[in-house]
């Protein structure tokens, strides 16, 4: 995935990194999915669908995008799940340290491992809200701790983890 798309089709003046408060990181990764493939298409589909959004926010009576939303180049082409987690961690932490509001769009659940790790290193007493049908609390799955089924195991050990919607613990 190569993208030159701006979030919601906003004007370039609101999409420049230096001026943006929000950074959106596409991670089209589908390396450890075990059932249906295709989550790597998520970031591109999200950006395409965002072009049809209403940009006025009734609750704040503002056009929030004018705070700036920068879409980075996608993080892609990983040889291992561990390499993906390492790059997501590094990139997320870099933007947090630049005082950006960081959002990631995946891809499968395992992209969360690196991003949660970065947020936890930058913020004290972090709480992670995990909304999913599966607990994703395995310490390791299919020989790696960087699997989608392990997405919030590390968070359960190092943060305040709140899980909502869980119907299956395996």
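Numbering (the working numbering), first residue to last: 48 to 217.
Glycine is no exception: its CB is placed at the ideal position from the N, C-alpha and C atoms.
Predicted model only: the values in this text are computed from it and were never measured.
Asked	Found
Every unbroken beta strand (DSSP E) within the stretch 97-180, with a cutoff of 3 residues, ordered by chain	116-118, 148-153 and 174-178
Residue 143 to residue 81 span [Cα, whole Å]	31 Å
Distance between beta carbons of residue 149 and residue 70, contact taken as under 8 Å	5 Å
Alpha-carbon spacing of residue 97 relative to residue 217, whole angstroms	33 Å
Distance, residue 146 Cα to residue 190 Cα	36 Å
Of the residues 100, 122, 194 and 182, the one placed nearest residue 211, counting alpha carbons only	182
Stretch pair the stretch 99-117 + the stretch 159-171: three plus CB contacts closer than 8 Å	no
Residue 210, enclosing alpha helix (DSSP H) - first and last residue	That residue, residue 210, is in no alpha helix (DSSP H); its beta strand (DSSP E) goes 207-211.
Cβ pair count under 8 Å reaching 3, the stretch 59-69 against the stretch 110-121	yes
Residue 49 (DSSP reduced to helix, strand or coil)	Because the pLDDT of residue 49 is 48, which lies under 50, any placement of that residue in the model is unreliable, and the question is left without a value.
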